[in-house]
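Here the structure comes first, spelled out in structure tokens, and everything after it is commentary.
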Amino acid sequence: MNIILLGPPGAGKGTQAQRLVAERCMVQLPTGDSRRAARTSGTEMGKQVAAVMDRGDLVTDEIVIGLIAEQLDNNPGGAGFIFDGFPRTLAQADALGALLKDKGQKLDAVIEMKVDDDALVSRITGRYTCASCGAVYHDSLRKPKVDGVCDECGGTEFKRRADDNEESLRNRLLAYYRDTSPLIGYYYCKGLLKRVDGIGEIDEVAARISAALAE
Ligand code: AMP
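Each residue of the sequence shown is one higher than the one before, starting from 11 at the first, in this note's numbering.
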């Protein structure tokens with residue numbers, strides 16, 4: 011089963027994708043993470059990508075589609091792919107359809123995670139991750155069970171994203187409403203859209219996603 015998690019920054023796409031990976035052995039393809047890897051590569055392209063991301067703008071379709079095509083080629087896919095943060099534009103959505111078709115695969119569902127804009131701001135500004143395994147935490151909403159120790163891997167180093175600040179969040183939200191939200195109609199028309207309330211405990215939202223996928 012190949013699925014897209016669609017929603018604004020802070021909707022919980024990464025957190026829920028990690029749950030689906032753990033529970034269903036699916037493969038998460040988080041495009042933001044590969045961009046963050048590119049920025050530390052030290053190449054000219056990496057530096058350009060870093061500047062775009064820090065502003066909260068979208069990286070060009072050409073670069074993103076190229077990276078996804080590479081990831082699809084290099085990955086056996088397990089029980090299916092979870093696209094998290096991709097596609098973000100109509101051109102990317104068309105390209106994904108074509109890439110999957112080339113591999114004899116298809117998209118099975120698009121989960122739209124709906125979260126109130128005010129909640130997004132507090133979610134994003136308190137967010138941090140484990141530096142070793144990438145598990146996602148929050149200053150007040152999801153703390154590690156033992157202070158300073160990652161629940162998943164025992165790591166003790168944590169980091170915050172450079173673009174998780176109010177100014178670039180405003181740009182990221184703008185990019186979502188301008189460029190990405192038309193995908194809701196696009197996938198509705200293809201009969202793939204499933205809407206899920208993204209407000210609530212992580213377990214509750216995970217249960218809603220499972221129910222939507224079982225429909
Ligand atoms: P994310 O981790 O999904 O919030 O993505 C962080 C940043 O990476 C975004 O603000 C964009 O600058 C860039 N990015 C990630 N995915 C895409 C995409 N599909 N298209 C364009 N830019 C992207």
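The C-beta atom is built at its ideal place from N, Cα and C for all residues, glycine as well.
If you draw a straight line from the Cα of cysteine 160 to the Cα of tyrosine 197, it comes to about 36 Å. In the three-state scheme derived from DSSP, where H, G and I count as helix and E and B as strand, glutamate 54 is classed as helix. Going by DSSP, tyrosine 138 is part of the beta strand (DSSP E) stretching over 137 to 140.
Between the region 58 to 68 and the region 178 to 197, the count of C-beta pairs closer than 8 Å reaches three or more; the two stretches touch. In terms of Cβ geometry, methionine 123 and glycine 17 form a close pair [threshold 7 Å]. Contact annotation: isoleucine 121 and lysine 204 have beta-carbon atoms nearer than 7 Å.
The straight-line gap separating the alpha-carbon atoms of tyrosine 138 and arginine 98 is approximately 23 Å.
By the Cβ-count criterion, glycine 88 is exposed, with fewer than 16 other Cβ atoms from all chains shown falling within 10 Å of its own Cβ. Around the beta carbon of proline 86, fewer than 16 other beta carbons sit within 10 angstroms, so the residue counts as exposed. For the 7 Å CB-CB criterion, cysteine 140 and phenylalanine 168 form a contact. In the DSSP annotation of this structure, tyrosine 187 is not part of any beta strand (DSSP E), being labelled neither H nor E. Considering only Arg170, Gly114, Val62 and Val146, the residue with the shortest C-alpha distance to cysteine 163 is Val146. Proximity to threonine 166 across Lys153, Glu177, Asp174 and Glu176 peaks at Lys153, based on C-alpha coordinates.
Within the region 61 to 143, the alpha helix (DSSP H) runs of at least 4 residues that lie entirely inside it are, in chain order, 71 to 84, 100 to 112 and 127 to 135. Short note on glycine 136: C-beta not closer than 6 Å to any heavy atom of ligand 1. As the crow flies, the alpha-carbon of aspartate 149 is around 43 Å from that of glycine 114.
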